[in-house]
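Here's the structure, in C-alpha cells; my notes come after.
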Amino acid sequence: MKKTLKLMMSLFVVLVFSSAFTGSGIAPVRGSIAPAVKLNDKNNVLAPAQHQGKYLLLNFWSAADGKSRLKANELNTAVKELNGSDGNDPKVSLVSVNFDRSEKLFREIVKRDNLDAQSQFYATGKEADKLRRAYNLHKGLSSFLIGPDGRILAVNPDKKDLTKILSR
853 MKKTLKLMMS
863 LFVVLVFSSA
873 FTGSGIAPVR
883 GSIAPAVKLN
893 DKNNVLAPAQ
903 HQGKYLLLNF
913 WSAADGKSRL
923 KANELNTAVK
933 ELNGSDGNDP
943 KVSLVSVNFD
953 RSEKLFREIV
963 KRDNLDAQSQ
973 FYATGKEADK
983 LRRAYNLHKG
993 LSSFLIGPDG
1003 RILAVNPDKK
1013 DLTKILSR
C-alpha cells in the first residue's frame, strides 16, 4: 500500500510540474508586467524597447476568428481617432499581430479593411508559437493595453476603455 501511495504521489508531482512548462500558463492580467515580445516580419520589426515609456495597444487577430478581425478594425479606428488627425503626438501606439496561415490573405485583409499597414505584423511558425505561449492565446485571441511602465492596464479594451484610461 505504501509503494502504491508513493507511486501515485510521485506521478502527481510529475504531472503538476510538467504542466507548468507546457505553455498553458496563465494569461496576462491587468496589473501584471506584459511579456516582452520581439517580432520580425518582412515589412516591420517590433521590439519592446520601441514602446518603453509610451502606451501600447497590443492586439492579436486572425481572419479565421471573425470576432478578432472585427476587433482589429475597431481598435485601428479607435487609435486613429484618439491620436488625432495629425498623429504628431500619439497618445497610444497600436501593434496588431495576425496569425493567419497565409501571408497573402493577411496582406489582402489589411488592404480591404483599410488597416494601418505600419501597425500590422504577420506572425508565423516559431514566432507565432512564442507569442501564443507568452500571452496564452490558445483559448482565443485578445488585446492588451500596456502602460508606459510595462504593466497591463486593460485586457480586451474597447474605445470607451481606451478613452477613459488615456484621459487620466
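Under the working numbering, the first residue of the sequence shown carries the number 853, and numbering increases by one thereafter.
Every residue gets a Cβ at the ideal spot worked out from N, C-alpha and C, and that includes glycine.
These numbers come from a predicted model, not from an experiment.
{"Query": "Evaluate residue 1000 with the Cβ neighbour count: other Cβ atoms within 10 Å of its Cβ, from every protein chain shown; 16 or more gives buried, anything less gives exposed.", "Result": "exposed"}
{"Query": "Tell me the residue span of the beta strand (DSSP E) that contains residue 912.", "Result": "907-913"}
{"Query": "Exposed or buried, which one is residue 921 when buried takes at least 16 other CB atoms within 10 Å?", "Result": "buried"}
{"Query": "Under the three-state reduction of DSSP, which class applies to residue 1006: helix, strand or coil?", "Result": "strand"}
{"Query": "Identify, in the order they occur along the chain, each residue of the same chain with its Cβ nearer than 8 Å to the Cβ of residue 1013, setting aside the five sequence neighbours on each side.", "Result": "997 and 1006"}
{"Query": "Rounding to the nearest angstrom, what Cα-Cα distance links residue 916 and residue 967 in this structure?", "Result": "17 Å"}
{"Query": "Is it right to say residue 928 is buried, meaning 16 or more other beta carbons lie within 10 angstroms of its own, or is it exposed?", "Result": "buried"}
{"Query": "So residue 931 is in the alpha helix (DSSP H); what residue range does that whole segment cover?", "Result": "918-935"}
{"Query": "Who does residue 889 pair with in a DSSP beta bridge?", "Result": "Its beta-bridge partners do not exist; DSSP assigns none."}
{"Query": "For the alpha helix (DSSP H) that contains residue 958, what are its first and last residues?", "Result": "955-964"}
{"Query": "Sort 987, 1017, 963 and 965 by Cα distance to residue 890 and report the nearest one.", "Result": "987"}
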